[in-house]
Amino acid sequence: MAVTLDKLVLAIHCQATGNSGGGKGLAGARFVLVCRLRVWDWLVWVPLSRPVGSVSCCESYLGRWESHQRLLLRMSFVLVLAPFGYNTLWLPLFGSDLLTVPNVTTLLLHIPPETIAELTVGCPNELHQIVREQLGPRTTCLSFRLHQPPQLVVPKGPLAPRRQREHGDKLDSLKLLSQATSLDIYFDHGILQDATARTVCDLAASPRARSVAQYANLDSLYAGKGGVVLAAESPPSPPTAFPPAYNELCGTTPPPPPHQDHPSPARSSRKRRRKSPDPFDVESICPRAVKDMFSLYKKDLQEMLGEIKNDILDHVDRRLNEIHRLSDTYNREEIDELVQEVRNDGEDYTDSKINDRVLDIKAELKEYAEDQLRDTEERVLKRLKSASWALKTGDE
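Oh and the sequence shown: position 368 is 374 in this note's numbering, straight run, nothing missing.
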């Protein structure tokens, strides 16, 4: 599952598992990492702010960082699907340049799924000022509560930063990060769907979740050289007051406590024990996950079909209006054309009839004139013949 983020804010509530030297430890300390991610590159520029709240060991590590100083981190949020669901989480971080490796060394912050006590998602109302400035008022928060701190994986060999001051501070900050048991990851609202968030939270906090061997194998890291888990160290607490003067001390020093080869039961009882996972019915989660997924798909499909239906209706309405408008225009033009055609046809018919009638009249007149001329010619010839016969008879 790949989540594309443009920006997120990682707030770490550092709660150490134990103290050393009777100091305060890290309980209650808090600092904020503002992470900017580019799509698919997962390149993160993380400005480290000063700690919020009371002075603690967090001050000695992060108090030296100013607002313009940045730590280059590369973060990848990986949830691997295995028979028990999404059951491993990796946060790879590009840390300090170490002398053991010529290029930039990748330091991995591994959160085993079996150490996740609780994973919740929500939209908090009260936000830190940095979170509000970077993401705005509406954000989504993934809250990790761990039984044990994450594992900081480093290459084998001594950790020797190239630049003692700058890179040493970065390495100290990553060590401090590996002691946190409470992580809050803020990102833009709406990136993670509610159904998917519930499924991820249920599967990540499942007691039967286990690390995948492919991702938990440290021997294949660092070009086959292998990596190791850096042992957690409790940094010394800053002094709360100046030490008393020498003359104020007692004259005699109390004897040291007797050496014990084995730890006392009271001391060993304070160690955090790893909780054994209880049986968990995976079949009760899978149907709900499938049901939520199908309901989400159904909702998206209904919205898509509604949008398509509205688009089709709008297109049909526009076409009908255009057809009606063109139909009205064509009707008026057709009427004018029909009138003109009728007029032309009438004129043609009248002209044809008149021409036919004139021709008939001409033919009749011609025939009548010819008949009259023939009759007249015959009468004239008869009279001439009769007149000539009379003249001839008279002469005789």
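Built from N, CA and C at the ideal position, the CB exists for glycine as well.
Residue i, enclosing beta strand (DSSP E) - first and last residue
i: E120; result: It is not in any beta strand (DSSP E) - E120 carries neither H nor E in the DSSP assignment.
i: Q157; result: Q157 to P161
i: G233; result: G233 to V235
i: D190; result: S188 to D194
Same chain only: Cβ atoms within 7 Å of residue i, ignoring 5 sequence neighbours per side
i: D225; result: G232
i: V160; result: L113, G233, V234 and L236
i: R331; result: none
Cβ-Cβ separation, residue j to residue i (assumed contact under 8 Å), whole Å
i: A203; j: V137; result: Incorrect: roughly 18 Å between the Cβ atoms, too far for contact.
i: A210; j: P119; result: 6 Å
For residue j and residue i, the rounded distance between their alpha carbons
i: D320; j: T187; result: 56 Å
i: T121; j: G163; result: 27 Å
i: T356; j: L379; result: 34 Å
i: I191; j: E132; result: 14 Å
i: T399; j: L387; result: 19 Å
i: D362; j: L397; result: 52 Å
i: L344; j: N337; result: 10 Å
i: V296; j: A123; result: 24 Å
i: G312; j: V206; result: 30 Å
i: V61; j: D306; result: Caution applies to V61, whose pLDDT of 22 falls short of 50 and renders its modelled position unreliable; the value that the coordinates give is listed next. One C-alpha to the other measures close to 50 Å.
i: I360; j: A375; result: 22 Å
i: K372; j: R385; result: 20 Å
i: V212; j: N223; result: The question names Val, yet the displayed sequence has Ser at residue 212. So the alpha carbons of these two residues sit roughly 22 Å apart.
i: E139; j: F193; result: 12 Å
i: I367; j: K391; result: 36 Å
i: R325; j: E309; result: 24 Å
i: D354; j: E328; result: 38 Å
i: D334; j: V322; result: 18 Å
i: A369; j: V348; result: 31 Å
i: Q346; j: V364; result: 27 Å
i: P249; j: D178; result: Because the pLDDT of P249 is 47, which lies under 50, any placement of that residue in the model is unreliable, and the number read from its coordinates should be weighed accordingly. One C-alpha to the other measures close to 27 Å.
i: R294; j: Y303; result: 14 Å
First and last residue of the uninterrupted alpha helix (DSSP H) at residue i
i: R144; result: First-last for R144: undefined, no H or E at that position.
Cβ shell of residue i (< 6 Å), same chain only, five flanking positions each side left out
i: D298; result: A201
i: Q154; result: T121
Neighbourhood of residue i by C-beta distance below 8 Å, restricted to the same chain and skipping five residues each side
i: C129; result: R144, T145, T146, C147 and H195
i: S301; result: A201
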